[in-house]
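Participant: Letter by letter, the sequence shown follows residues 16 to 208 of the working numbering.
All C-beta atoms in this analysis are idealised placements derived from N, C-alpha and C, irrespective of residue type, glycine included.
Quick caveat, the model's predicted, so the values are computed rather than measured.
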Amino acid sequence: MAETVEQAAEAQHPTINARMGFVTELFSSPLNITLMVICSFLLYKIFSNRRQKPLPPVEPQLPSMKKRDFTVEQLREFDGNGKDGRILIALNGNVFDVTKEKRFYGPGGPYGAFAGRDASRGLATFSLTEDVIRTEYDDLSDLNTTEMDGMREWEMQFKEKYDKVGRLLKPGEEMTDYTDTEEEQSSQDKKDD
Numbered sequence: 016m017a018e019t020v021e022q023a024a025e026a027q028h029p030t031i032n033a034r035m036g037f038v039t040e041l042f043s044s045p046l047n048i049t050l051m052v053i054c055s056f057l058l059y060k061i062f063s064n065r066r067q068k069p070l071p072p073v074e075p076q077l078p079s080m081k082k083r084d085f086t087v088e089q090l091r092e093f094d095g096n097g098k099d100g101r102i103l104i105a106l107n108g109n110v111f112d113v114t115k116e117k118r119f120y121g122p123g124g125p126y127g128a129f130a131g132r133d134a135s136r137g138l139a140t141f142s143l144t145e146d147v148i149r150t151e152y153d154d155l156s157d158l159n160t161t162e163m164d165g166m167r168e169w170e171m172q173f174k175e176k177y178d179k180v181g182r183l184l185k186p187g188e189e190m191t192d193y194t195d196t197e198e199e200q201s202s203q204d205k206k207d208d
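Listed below in structure tokens is the structure:
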């Protein structure tokens, strides 16, 4: 009679017995327990990484710089250490505002040596050493054709990515007086490219 009572209970609750068999099977083997721990850990890592991390504060963007020409000495003032943190780099006689890429060109960045300087020789020779950074105007006359071509490629990339804010003046060269219409034309030319 006892068997018939158990059989009757099994017949009434077949899903309970199936669950119990599954749980017993799951915890009966050390391999199964290890796999469950690994799966649980992975699920924890997946879902814990989905939590929102606070975003770093966004630095306010500097207003566009009025177009002007620079001497080598004036350019040095824009190395990212000034009060506004603006960074300018000269390349092939053109001066570009690279402030938006402060992490590359700013103090401590991989190209920080070029901040506030003429980067033409360094980019042409693919060198960041101090011997390529000149304190005087560099006419680049000793660069070979390959190096000049490399520098022009860098210049094209800079023209596409950064605002041109003026020219680097040769010693004794007069500054250009840019009008507002020239600045607007320059901005329009960049948009058209």
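(1) Pull up the distance between the alpha-carbon of T39 and that of N47, whole angstroms please.
(2) Quick one: give me the first and last residue of the alpha helix (DSSP H) that R91 is part of.
(3) List the DSSP bridge partners of L106.
(4) Secondary structure at K14, three-state DSSP: helix, strand or coil?
(5) Work out the CA separation of L57 and F173 for me, nearest whole Å.
(6) Helix, strand or coil: which one does DSSP assign to D164?
(7) Is it buried or exposed, V52, if we count other Cβ atoms within 10 angstroms and call 16 or more buried?
Facilitator: With the given structure in hand:
(1) Cα to Cα, T39 sits roughly 11 Å from N47.
(2) Run containing R91: 87-91, per the alpha helix (DSSP H) assignment.
(3) Per DSSP, N109.
(4) In this structure the chain extends from 16 to 208, so residue 14 is not present and cannot be described.
(5) The alpha-carbon of F173 is positioned some 44 Å away from that of L57.
(6) The answer is helix: DSSP assigns D164 an H, G or I state.
(7) V52 comes out exposed.
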